[in-house]
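One structure is given here, and the rest of the page talks about it.
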Amino acid sequence: MSTMLYNPFHELDRFFEQAARTVARDARLMPMDLYREGDNFIAKLDLPGVDPSTIEVGIDDRTLTVTAERKPVEIESGEKNRWVSRERTTGSFARQLTLGGGLDLSNVNADYADGVLTLTIPVAEEAKPRKIAISGVDAPAEVEGSDQA
1 MSTMLYNPFH
11 ELDRFFEQAA
21 RTVARDARLM
31 PMDLYREGDN
41 FIAKLDLPGV
51 DPSTIEVGID
61 DRTLTVTAER
71 KPVEIESGEK
81 NRWVSRERTT
91 GSFARQLTLG
101 GGLDLSNVNA
111 DYADGVLTLT
121 IPVAEEAKPR
131 KIAISGVDAP
141 AEVEGSDQA
């Protein structure tokens with residue numbers, strides 16, 4: 001009979017690994033890297049050219065939602081002004097992550113720098129591995145014996 005050790009983070013790690021491998025199919029989907037670093041999960045979402053005041057991060061139950069908007073560049077109309085190429089995606093962007101249990105959702109941190117939104121999602125204290133003290137265990141008692149056989 002073989003014994004398997006239960007790892008409470010296995011399913012969560014598997015979910016995040018799968019999410020990180022998912023390729024963005026829609027230009028309005030924010031590309032994301034997701035990894036675990038110690039007692040935190042780190043999500044990095046690319047949002048270049050986005051006005052930071054349009055970025056919103058919210059959590060409803062176990063769904064984390066990020067929304068943002070990139071406004072189109074306007075040029076003055078006129079005889080000498082015209083678009084030659086217009087490839088940058090504009091409009092509203094949204095990304096949702098369904099978060100598993102064992103995370104401290106009240107302490108999620110968001111930072112936006114150099115066009116990258118970094119979310120730090122800590123593992124909850126009660127979900128971290130810990131040792132359990134055993135009570136009622138005394139040192140082995142000395143057993144006295146006799147040399148009589």
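If you read the sequence shown in the UniProt record's numbering, its first letter stands for residue 1, the second for the next number, and so on.
C-beta atoms are modelled at their ideal positions from N, C-alpha and C, and glycine is treated no differently.
A quick note: this is a predicted structure, and the numbers were derived from the prediction, not measured.
(request) Determine, using beta carbons only, whether Leu119 and Ile59 come nearer to each other than 7 Å. (result) Residue 119 sits at position 119 when you count from the first residue of the sequence shown. Residue 59 sits at position 59 when you count from the first residue of the sequence shown. Against a cut-off of 7 Å, the Cβ pair of Ile59 and Leu119 comes out as no contact.
(message) Buried or exposed for Val66, going by 16 or more other Cβ atoms inside 10 Å?
(response) Working through the sequence shown from its first residue, we reach residue 66 at position 66. With 16 or more other Cβ atoms within 10 Å, it is buried.
(request) Go ahead and pull the three-state DSSP assignment for Ser106. (result) Stepping through the sequence shown from its first residue, residue 106 is reached at position 106. Here DSSP, grouped into helix, strand and coil, assigns Ser106 to helix.
(request) Kindly confirm or deny that the region 110-125 and the region 32-45 touch, where touching means at least three C-beta pairs closer than 8 Å. (result) yes
(message) One question on the structure: do Ala68 and Leu34 come within less than 7 Å of each other, judged by their Cβ atoms?
(response) By 1-based counting over the sequence shown, the position of residue 68 is 68. By 1-based counting over the sequence shown, the position of residue 34 is 34. No; because the gap between Cβ atoms is not below 7 Å, this pair is not in contact.
(request) Would you tell me roughly how many angstroms separate the C-alpha atoms of Asp114 and Val50, rounded to the nearest one? (result) Looking up residue 114 in the sequence shown gives position 114. Looking up residue 50 in the sequence shown gives position 50. Answer to the nearest angstrom: the Cα atoms are 10 Å apart.
(message) Could you compute how far the alpha carbon of Ile55 sits from the alpha carbon of Ser77?
(response) Residue mapping note: residue 55 aligns to position 55 of the sequence shown, counting from 1. Residue mapping note: residue 77 aligns to position 77 of the sequence shown, counting from 1. Near 30 Å, if we compare the C-alpha coordinates of Ser77 and Ile55.
(message) Considering Cα atoms alone, identify which of Ile132, Ala127, Pro52 is closest to Val116.
(response) Position 116 of the sequence shown holds residue 116. For Val116, the closest C-alpha among the options Ile132, Ala127, Pro52 is that of Pro52.
(message) Using only the alpha-carbon positions, how far apart do Pro129 and Gly102 sit?
(response) Taking the first residue of the sequence shown as position 1, residue 129 is located at position 129. Taking the first residue of the sequence shown as position 1, residue 102 is located at position 102. C-alpha separation (whole angstroms): 11 Å.
(message) Per the DSSP calculation, Lys128 is bridged to which residue(s)?
(response) Sequence index remark: in the sequence shown, residue 128 carries index 128 (1-based). Paired residues: none, contrary to the question.
(message) If you measure between the beta carbons of Ala62 and Leu99, is that distance less than 7 Å?
(response) In the sequence shown, residue 62 corresponds to position 62, counting from 1. In the sequence shown, residue 99 corresponds to position 99, counting from 1. The residue asked about is misnamed: residue 62 is Arg in this sequence, not Ala. For Arg62 and Leu99, yes; Cβs fall inside 7 Å.
(request) Pick out whichever of Val57, Asn107, Arg36, Arg82 has its Cα sitting closest to the Cα of Ala94. (result) As a working note, residue 94 is residue 94 in the sequence shown. Selected option, being the one with the closest Cα: Val57.
(request) Taking all protein chains shown into account, decide if Val108 is buried (16 or more other Cβ within 10 angstroms of its Cβ) or exposed. (result) To locate residue 108, count along the sequence shown from 1; it is residue 108. Result: buried.
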